[in-house]
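Student: Numbering (full-length UniProt numbering), first residue to last: 1 to 303.
Shown next, in the form of structure tokens:
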């Protein structure tokens, strides 16, 4: 791991993804961060993540990813879930905060949602018991509960967060959520963390501006923080008006992870300045700008 300021560029695996993914990851490529990308085309309709992609992430330790569309039904498993399981990316982080100059219904939002990524309702453990009856299994283990608890409290300590809040249903799911609550009384399991992250993103300005990442002991994948529901929006793609803010801010998180805090701060400050000035904004932020117009303005603010 290079020390801050040594200037040595780091290799990063890049998965542009589906739909608007290449448009917003292309925005990140233009800001001249101290990294170089190894690009791999992965799409949500694939059955498996190609082994060479996994090998690249294992080698580079870090990946930047655009959205992947998960086909509805048909027994096709989510490649997002596959990636998290394969690399044991057990902690999902979503930073939800107000951007200066962007009007929202709620002010002073500053929430970090940390959820367990590898088990719970999103583990994808489903089977048909008899025709017409399907079971979807929710698995909670003491090991994973304690691991995510330790991560959450360490994150809070290192980032001067005063409070860690648990989201659970131990009053109803007494064994599953009860075990989680017993192991760690103040951090959220998978489904609830996802719901909280999307809700928090909504009150702080929308999913298009919320950065996030999935972190394990050895690897990290950074992407848009809240659910990328517009990844397959053909109209946005045709008009080239995808919002790059979330992924630009996720890239700042990635740069801090890679020990480039100075460039990360510059990039985050540039993005916030562009949003605050209000001249160039995407449609979901009340403007009419294209992706490239926003990127060009961010690059100018970096200089």
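Ideal Cβ placement from N, Cα and C applies to all residues, glycine included.
Assuming residue 9 and residue 50 are in contact, meaning their beta carbons sit under 8 Å apart, how far apart are those beta carbons, in whole angstroms?
Tutor: Not really, about 25 Å apart at Cβ, beyond 8 Å.
Student: Would you kindly work out how many angstroms separate the C-alpha atoms of residue 30 and residue 66, rounded to a whole number?
Tutor: Using only the alpha carbons, I get a separation of about 15 Å.
Student: Is residue 225 near residue 90, with beta carbons less than 8 Å apart?
Tutor: For residue 225 and residue 90, no; Cβs fall outside 8 Å.
Student: Is DSSP giving residue 295 helix, strand or coil here?
Tutor: Looking at residue 295 - three-state DSSP - the assignment turns out to be helix.
Student: With distances taken from CA atoms, which of 41, 108, 32 is nearest residue 21?
Tutor: Here the closest residue by C-alpha is 41.
Student: Take residue 46 as the anchor and find which of 85, 78, 303 has the nearest alpha-carbon.
Tutor: Selected option, being the one with the closest Cα: 78.
Student: Are residue 14 and residue 44 closer than 8 Å when you measure CB to CB?
Tutor: Not in contact: residue 14 and residue 44 (Cβ atoms no closer than 8 Å).
Student: Can you give the Cα-Cα distance for residue 211 and residue 63, rounded to whole angstroms?
Tutor: So the two alpha carbons sit approximately 14 Å from each other.
Student: With distances taken Cα to Cα, identify the nearest neighbour of residue 96 among 266, 250, 259.
Tutor: The shortest C-alpha separation from residue 96 is found at 250.
Student: Cα separation between residue 256 and residue 247?
Tutor: Each residue's alpha carbon lies about 14 Å from the other.
Student: Can you list, in chain order, the residues of its chain whose CB lies under 7 Å from that of residue 238, leaving out five sequence neighbours each side?
Tutor: Around residue 238: no qualifying Cβ.
Student: In terms of alpha-carbon separation, which member of 83, 297, 52 lies closest to residue 70?
Tutor: The candidate whose alpha carbon is nearest that of residue 70 is 83.
Student: Based on Cα-Cα distance, which residue from 125, 142, 297, 144 lies nearest to residue 135?
Tutor: If we check each option's Cα against that of residue 135, 125 comes out closest.
Student: In this structure, does DSSP put residue 250 in helix, strand or coil?
Tutor: Correct three-state label for residue 250: helix.
Student: When the Cα atoms are used, what is the spatial distance from residue 118 to residue 55?
Tutor: About 20 Å.
Student: Classify residue 260 as buried or exposed, calling it buried when 16 or more other Cβ atoms lie within 10 Å of its own Cβ.
Tutor: The residue is buried, with at least 16 neighbouring Cβ atoms inside 10 Å.
Student: My guess is that residue 271 and residue 245 are in contact by the Cβ rule of under 8 Å, so how many angstroms apart are they, rounded?
Tutor: Right, the Cβ-Cβ distance comes to about 6 Å (below 8 Å), so this counts as a contact.
Student: In three-state terms, what does DSSP make of residue 36?
Tutor: Residue 36 falls in the strand class under three-state DSSP.
Student: Quick check: the Cα distance between residue 186 and residue 241, rounded to an integer number of angstroms?
Tutor: In this prediction, residue 186 has a pLDDT of 45, which is less than 50 and means its spatial position is unreliable; what the coordinates show is noted afterwards. So the two alpha carbons sit approximately 39 Å from each other.
Student: Taking just the CA atoms, how far does residue 88 sit from residue 300?
Tutor: Each residue's alpha carbon lies about 38 Å from the other.
Student: In chain order, which continuous runs of the beta strand (DSSP E) of length 3 or greater are located wholly inside the segment 110 to 136?
Tutor: DSSP runs (the beta strand (DSSP E)) wholly in the segment 110 to 136: 110 to 116, 126 to 130, 133 to 136.
Student: Which class does residue 15 belong to by DSSP, given the choice of helix, strand or coil?
Tutor: Looking at residue 15 - three-state DSSP - the assignment turns out to be strand.
Student: So, with DSSP's three-state summary, where would you put residue 80?
Tutor: Correct three-state label for residue 80: helix.
Student: How long is the line joining the alpha carbons of residue 274 and residue 286, rounded to whole angstroms?
Tutor: Cα-Cα distance, rounded: 14 Å.
Student: Give the straight-line distance between the Cα atoms of residue 37 and residue 60, rounded to the nearest whole angstrom.
Tutor: If I take the Cα positions, the gap works out to 10 Å.
Student: Excluding the 5 residues flanking residue 128 on each side, which residues of the same chain have their C-beta closer than 6 Å to its C-beta?
Tutor: Cβ within range, chain order: 134.
Student: Checking 8 Å against the spacing of the C-beta atoms, do residue 94 and residue 81 come in under that value?
Tutor: No. Outside cutoff.
Student: Less than 8 Å between the beta carbons of residue 138 and residue 116, yes or no?
Tutor: It is not a contact, given that the beta carbons lie outside the stated cut-off.
Student: Within its chain, find whatever has a CB closer than 8 Å to the CB of residue 234; leave out the 5 residues flanking it on each side and keep chain order.
Tutor: 19, listed in sequence order.
Student: Please classify residue 262 as buried or exposed, where buried requires at least 16 other C-beta atoms within 10 Å of its C-beta.
Tutor: Classification for residue 262: exposed.
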